[in-house]
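K.L.:
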Amino acid sequence: MPRSGPKASKSPRFPPLWSPRPRNLTAAPGRAEEGAPDWASDILCRDAAKPPPKRLNDAERLRRLVQGAMERQALSGRLVDLLQVPAKQQAALDFAGSCLMSLALWHRFGSADFAEALGWLERTDYAAMVATLPTRAVEAALTLWKSGLHAAGADTMQQRSVRQVELQSWDMGNDRRDTEEELRAAEDAAKLTSSAQHLQALKDCRARRAEAAGEVLVRKAYERLTVGPSNSLWDLWRKREAIIKAALAGGGFRPLREALRSVRGYCGPDMDNEHAAWVLAVDLLTITPLTENAGPVTWHGDYAAFLRKRYLEKNRAPAGSCSRTPPWVAEVPSKPRGRPATALPGGWAPDLIGLA
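Under full-length UniProt numbering, the residues of the sequence shown are numbered 1 to 356, in order.
(1) Taking 7 Å as the cut-off, is the C-beta of Phe109 nearer than that to any heavy atom in the ligand ZN?
(2) Less than 8 Å separating the beta-carbons of Trp145 and Ala210?
(3) Do Leu260 and Ala277 have their C-beta atoms closer together than 8 Å?
(4) Let's see if you can read the secondary structure: which residues bound the alpha helix (DSSP H) around Gly97?
(5) Rounded to whole angstroms, what's the CA-CA distance from Tyr126 to Arg240? Just pull it up for me.
(6) Rounded to the nearest angstrom, what separates Asp204 and Ala151 at their Cα positions?
(7) Specify, as a first and last residue, the run of the alpha helix (DSSP H) that Glu122 falls within.
(8) In the DSSP assignment, the alpha helix (DSSP H) including Tyr126 goes from what residue to what residue?
(9) Going by Cα to Cα distance, which pick from Ala154, Val216 and Asp235 is closest to Ala112?
(10) Measuring straight from C-alpha to C-alpha, what distance separates Leu65 and Phe114?
(11) From Ile287 to Asp171, what distance separates their C-alpha atoms?
(12) Quick one: residues in its chain with C-beta nearer than 6 Å to the C-beta of Leu217, no 5 flanking neighbours on either side, listed in chain order?
(13) Which of the three DSSP states is assigned to residue 357 in this structure?
(14) Report the option in Gly251, Gly214 and Gln67 whose CA atom is closest to the CA atom of Cys99.
(15) Distance, Cα to Cα, Arg254 vs Leu149?
(16) For Tyr266, name the three-state secondary structure that DSSP assigns.
(17) Take Val138 and list the residues in its own chain whose beta-carbon comes closer than 8 Å to its own, dropping the five residues that flank it on each side.
(18) So, Leu256 versus Ala246, is the Cβ gap smaller than 8 Å?
Take a look at the structure:
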């Protein structure tokens, strides 16, 4: 017989996904209390407690180089605050110049491996730059090439050209047929699965094929990339004080980008120049202590990588603007051909939410 009396209410088998927390319930340990100064601090603290990833992204690797340089020079905090201290004012200005020239030279090659091989530029005076640009940078790139790694990235046309020379130089070494077949097999395996084992096998195979004839080719390519006909790195060095002043003013990305327009090789309408300028501006304001805003990028490298990718994609020209235009109809008057100018002053305003 059925049980008499009112039926007892049964509790749900699974708790709801969200329910309001009662007022008398204390906050769980490890969470930010109500009224915390910054909700992102709790998230970043929990992220910092996690074990580091096996493979770091490029932004995190560059950020660690900057942090290591600050520790060696006994600097802590933002450079804007250090400029107010008379004893550390000159050291802060020198470090700002090192930040600008180090990042510019790293991004000229476009590889985090090259940045780690070259290291930090402690001095940026004329004598140090004369010794660094044609000699030290090329030797660091050659060391990478001899070890089987690419010293150049693939972001700009110049970098892709140097990267092709590196591949051709590896192909020149060891004319034996078995070593050439081994290189092709290692390249195919690395393309199919980018595992650490296949990448290491490809690196070892390329290192065995590094010969003197290929070294001559890549040396010339590295010299053209470092001190080519444009000499944009020297122009950046001459105008570094105005760029550092714009970065320390704390106005965000736009004033720094406008200051970079006066530098040869960092202004449009060439898309490679636009890319180089935006990459340098984003990294100066995200992985260096040049800005007044101490955001999450100073603690977490993944956020810096996200900012870089997001901002560069926002300022990339449409694919159709760089392609060949189709033949015009006879009735329609022809328009002038050519690549349109991008990111000019007074143009469309990019999305700066959360970045300034």
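Note that beta-carbon positions come from the ideal geometry of N, C-alpha and C, so glycine has one too.
None of these values were measured; they are calculated from a predicted model.
P.N.:
Here's the rundown:
(1) Absent from the structure shown: the ligand ZN. Ligands present: none.
(2) The Cβ atoms of Trp145 and Ala210 sit closer than 8 Å to each other.
(3) Cβ distance < 8 Å, so Leu260 and Ala277 count as in contact.
(4) That run of the alpha helix (DSSP H) goes Gln89 to Phe109.
(5) Straight-line Cα distance between these residues: approximately 12 Å.
(6) Straight-line Cα distance between these residues: approximately 15 Å.
(7) Per DSSP, Glu122 belongs to no alpha helix (DSSP H) and is neither H nor E.
(8) Here the alpha helix (DSSP H) through Tyr126 covers Tyr126 to Ala131.
(9) The residue with the shortest Cα to Cα distance from Ala112 is Ala154.
(10) Going by the C-alpha atoms only, they are around 12 Å apart.
(11) Approximately 37 Å between the Cα atoms of the pair.
(12) Closer than 6 Å at the Cβ level, and outside the excluded window around Leu217, lie Val165 and Ser169.
(13) Nothing about residue 357 can be reported from this structure: the residues present for the chain run from 1 to 356 only.
(14) Taking only the C-alpha atoms, the option nearest Cys99 is Gln67.
(15) Taken atom to atom, the span from the alpha-carbon of Arg254 to that of Leu149 is near 36 Å.
(16) Tyr266: coil per DSSP, three-state reduction.
(17) In the same chain as Val138, and ignoring 5 residues on each side of it, the C-beta atoms closer than 8 Å to its own belong to Arg219, Tyr222, Glu223 and Thr226, in chain order.
(18) Yes, they are a contact pair.
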